[in-house]
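Asks: Mind looking over this structure? Questions follow.
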Amino acid sequence: MKTLAVFGFIAAALVAAHLVIAAGQSDRPSSVAEAHWVPISERFGFVIEPTGPATRAQAGPPYLPALPAELMPPLRGYFVVKTATGWRRLAVVDPAELSKL
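Here this note's numbering is used: the first residue of the sequence shown is 1007, the next is one more, and so on.
Listed below in structure tokens is the structure:
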């Protein structure tokens, strides 16, 4: 009876480990690094454009606290949506048209 309980526990642990590992993998465009991907839903996300390697001056001295979000420079990027043929980049062609909505 104890061996049956041990096998049940091992099976439950393996299933839980599989689910945890699968949850960490996000479905994102193949050309986008995980650090630059912000998933919004299963079919919609935001890609942060890489700005190049951070230098020591950009990172700041280690003894200074992190800046609040209001003082951080904005990140550039674009939205993507998943279609039947794959991920498609979204763009606003004419921002002036948005004011007419």
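Ideal Cβ placement from N, Cα and C applies to all residues, glycine included. Since we're looking at a predicted model, the values are computed, not measured.
Which residue's Cα is closest to the Cα of Leu1081: Ser1037, Ser1047, Pro1056?
Replies: Taking the first residue of the sequence shown as 1, we reach residue 1081 at position 75. Looking at the Cα atoms, Pro1056 is the closest of the given residues.
Asks: Which two residues bound the contiguous beta strand (DSSP E) that contains Thr1057?
Replies: For the purposes of this step, residue 1057 is taken as residue 51 along the sequence shown, with counting starting at 1. Segment: none, Thr1057 is in no beta strand (DSSP E) and carries neither H nor E.
Asks: Find out if the Cβ-Cβ distance for the pair Val1053, Val1086 is shorter than 8 Å.
Replies: Walking along the sequence shown from the start, residue 1053 turns up at place 47. Walking along the sequence shown from the start, residue 1086 turns up at place 80. The answer is yes: Cβ separation under 8 Å.
Asks: Check each candidate in Thr1009, Glu1103, Thr1089 and name the one with the smallest Cα separation from Pro1035.
Replies: For the purposes of this step, residue 1035 is taken as the residue at position 29 of the sequence shown. Nearest option by C-alpha distance: Thr1089.
Asks: Comparing C-alpha positions only, which one of Ala1072, Lys1008, Gly1083, Ala1039 sits nearest to Arg1095?
Replies: As a first step, residue 1095 is located in the sequence shown; it is residue number 89 there, counting from the start. Per the Cα distances, Gly1083.
Asks: Give me whichever residues DSSP pairs with Val1053 in a beta bridge.
Replies: The residue you call residue 1053 lines up with position 47 of the sequence shown. Answer is Trp1043, Tyr1084, bridged to Val1053.
Asks: Arg1034 bridges to which residues according to DSSP?
Replies: Residue mapping note: residue 1034 aligns to position 28 of the sequence shown, counting from 1. Paired residues: none, contrary to the question.
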